[in-house]
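Colleague: Quick note on numbering: my numbering labels position 219 of the sequence shown as 226, and the sequence is numbered without any gaps. Backbone N, C-alpha and C fix where the C-beta goes; we use that ideal spot for every residue, glycine too.
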Amino acid sequence: MRIFPKPRLVMSACLDLQPVRYNGEVVKDPFAIKLREYCQIISVCPEVSIGLGVPRDKVIIQKGVRLIQPTTGRDLTQLMLSFSREFLDGLDTVDGFLLKSKSPSCGVSNARIYKDAYGEEFYGRGKGLFATQVLERYKLLPVEDEGRLKNKELREHFLVRLFAIAELREFLSKAQDVKDLVEFHSRYKYLIMAHSQEKLKQMGKLVAEAKKNFKEAISRYRILFMDALKRRPTKGQHANTLLHIMGHLSSKLKKSEKEHFYSLVESYKTGQKDLCTLLEILKSWSYRFDEKYLTDHVYLEPYPIALNVIQQ
Ligand code: SF4
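1) Tell me, to the nearest whole angstrom, how far the beta carbon of CYS46 is from that of LEU16; I am working on the premise that it is less than 8 Å.
2) Starting from the Cα of LYS276, find the closest Cα among THR302, VAL51, ASP102, ALA246 and give me that residue.
3) Please tell me whether ILE252 and LEU289 are closer than 8 Å, where the distance is taken between their beta carbons.
4) Give me the Cα-Cα distance between TYR197 and GLY80, rounded to the nearest whole angstrom.
5) Does ligand 1 have even one heavy atom less than 7 Å from the beta-carbon of SER19?
6) Do you know how far the Cα of GLU266 is from the Cα of CYS52?
7) On the premise that THR284 lies in contact with LEU271, defined as a C-beta separation below 8 Å, what is that separation, rounded to the nearest angstrom?
8) Hey, would you say PHE165 sits closer than 8 Å to LEU156, going by beta carbons?
9) Just to confirm, does ARG43 get its C-beta within under 7 Å of one of the non-hydrogen atoms of ligand 1?
10) Is it buried or exposed for TYR125, if we count other Cβ within 10 angstroms and need 16 for buried?
11) Could you give the residue range of the beta strand (DSSP E) that holds ILE48?
12) Quick check on ASP96: does DSSP put it in helix, strand or coil?
13) Looking at the structure shown, is GLN76 part of a helix, part of a strand, or coil, going by DSSP?
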């Protein structure tokens, strides 16, 4: 049974069940609520933090990236920028952000933007002001809003990155020598392969040469690792990784078992089977044949399975 790290996740306070919304309502998002069981939550409400009370009059984003409160005519842009800077400066190392969708402060991609300061003429969709600061500063971390994570693929990718980066943080805090790095890297090899063959090659070379200057090697490894996981793998990349893992087991399997697995991989590529099914099969075979190298491997269980079954 894998022991998971506890990611440090910055969450919009309203997703953390705090009644901080402009109307005092609580947001009940099942995924955010479940995440609270598995993460160390650092919650923040940027609007309350800049002195807007609850309840409060709505704020909007005006084109040109201004944060305006139409009823009072207040321009809160500088206040929000200063707060964001101070808050992010004061943060300890974190592993990701889950922010509230559509908010003019927290929205990651779909906040309403207006042409005018009264919120009357719609201009388009974009980022909230606080979210913009987060995205600029944390380019290698998963930063999402709960609205985007209703999409299963985006949610899985968010979870994979969140838990991997949390484990990387824990690893870096105690890594002593090259042996530790080799062990860590070998547990992550297939996860990295699924995301980027090119990064896997670079990281393999780095690990092989880490003896020369261990400190520098792990600092470069950290960047490469987070960068590698940034792009969501395609079905083809996952299929290729599944077949690589299968390579460790195929000599122990019956012809019919192998053929069945290969047909499932084809079904996965066309969207008829999901990745979980194939990973579960590989995991069961790894236990059956006592393949320790595989049972310890993160790719087969990248985050707690309970987070996968949330109905959105
Ligand atoms: S979306 Fe952000 S600013 Fe708005 S209530 Fe939630 S935490 Fe506060």
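Modeller: In brief:
1) Sure, about 4 Å apart at Cβ, within 8 Å.
2) It is ALA246 whose Cα lies nearest to the Cα of LYS276.
3) Closer than 8 Å, so yes.
4) Cα-Cα distance, rounded: 54 Å.
5) For ligand 1, at least one heavy atom lies less than 7 Å from the Cβ of SER19.
6) So the alpha carbons of these two residues sit roughly 53 Å apart.
7) The Cβ separation is near 7 Å, so the contact holds.
8) In this structure, LEU156 lies closer than 8 Å to PHE165 by Cβ.
9) Not so, every heavy atom of ligand 1 lies at least 7 Å from the Cβ.
10) Around the Cβ of TYR125, a 10 Å sphere holds fewer than 16 other Cβ atoms; the residue is exposed.
11) Segment 47-51, the beta strand (DSSP E) holding ILE48.
12) DSSP places ASP96 in helix when its eight states are reduced to three.
13) Reduced to three states, the DSSP call for GLN76 is strand.
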